[in-house]
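Using my numbering, you'd call the opening residue of the sequence shown number 1386 and step up by one each time.
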Amino acid sequence: MREPPWMVQAKAEIGVREFAGAADNPRVVAYFAACGLKASPFTDDETPWCAAFVGAMLANSGFRGTGNAMARSYTRWPGSIKLGGPVYGAVTVIHRVPEHPTQGHVGFLMGKDLNSLALLGGNQNDAVNVAKFARSRLIGYYWPFGFQIEPEWVGPPMPSNTGSGDKVT
């Protein structure tokens, strides 16, 4: 199956994780730089980095993200369209638990079932991985404007091995 280019990039990053203690993983710090966030506080792996990961994967694939470190910035992403339903690779924004008006989490949709979404994202338990989140937390699915959606990407099934996304830091 052909894949969106940002998904090829993101899958190659699975396993990247924060360093424990005072040391910072330069790969995580590079996500901030790749999407234009180069000044403090975007110079360590303790700063929330889910939006930086999404932005870096888009940038590395020739697309412009929001250039913002806030996950919910993707609900106002000028280079996108909001989708009416799930599509493999869609930039997916969810709210935190408990719900907060400005905070959230963002990743790429891998699949879904009746109650859950599987997101490939950064800063999911301090790492890049695929994790499950309650579908009730969904804010929206977003897609880079002008990039064609393939029919086989619509309504992707849940992948078989996903972790819990309950602890998104």
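By construction, the Cβ of each residue, glycine as well, lies at the ideal position given by its N, Cα and C atoms. Please read these numbers as outputs of a predicted model, since none were measured by experiment.
Does the distance from the C-beta atom of residue i to that of residue j stay below 9 Å?
i       : j       : result
Gly1507 : Val1439 : yes
Ala1436 : Ser1458 : yes
Asn1445 : Ala1475 : no
Ile1466 : Arg1522 : no
Phe1448 : Phe1532 : yes
Under a Cβ-count criterion, where at least 16 other Cβ atoms within 10 Å of its own Cβ denotes burial, should residue i be classed as buried or exposed?
i       : result
Ile1399 : exposed
Arg1461 : exposed
Pro1463 : exposed
Ser1501 : buried
His1490 : buried
Gly1492 : buried
Glu1535 : exposed
Pro1389 : buried
Gly1470 : exposed
Leu1499 : exposed
Mind reading off the beta-carbon distance from residue i to residue j? Whole number of angstroms is fine, and I expect it under 8 Å.
i       : j       : result
Arg1520 : Lys1497 : 7 Å
Met1455 : Gln1394 : The pair is not a contact, with the Cβ atoms about 21 Å apart (cut-off 8 Å).
Leu1504 : Val1513 : Not confirmed; about 11 Å, so no contact.
Tyr1526 : Thr1477 : 5 Å
Roughly how many angstroms lie between the CA atoms of residue i and residue j, to the nearest whole one?
i       : j       : result
Pro1541 : Trp1434 : 25 Å
Tyr1473 : Gly1452 : 23 Å
Pro1426 : Val1539 : 37 Å
Glu1537 : Met1386 : 8 Å
Val1553 : Glu1403 : Note on Val1553: pLDDT 47, under 50, position unreliable in the model; the coordinate value appears next. Cα to Cα, Val1553 sits roughly 13 Å from Glu1403.
Tyr1422 : Asp1409 : Residue 1422 is actually Leu in this sequence, not Tyr. Their backbone Cα atoms lie some 16 Å apart in a straight line.
Gly1406 : Gln1509 : 18 Å
Trp1528 : Met1392 : 12 Å
Met1543 : Leu1494 : 10 Å
Val1401 : Arg1412 : 7 Å
Thr1432 : Asp1511 : 10 Å
Leu1468 : Ala1397 : 25 Å
Gln1488 : Ser1545 : 29 Å
Asp1429 : Phe1530 : 31 Å
Gly1450 : His1485 : 22 Å
Ile1524 : Pro1483 : 14 Å
Alpha helix (DSSP H) runs wholly inside the stretch 1388–1448, at least 4 long, in chain order: 1390–1397, 1411–1419 and 1435–1445
Length at least 3, wholly inside the stretch 1505–1548: the beta strand (DSSP E) runs in chain order: 1512–1519 and 1523–1529
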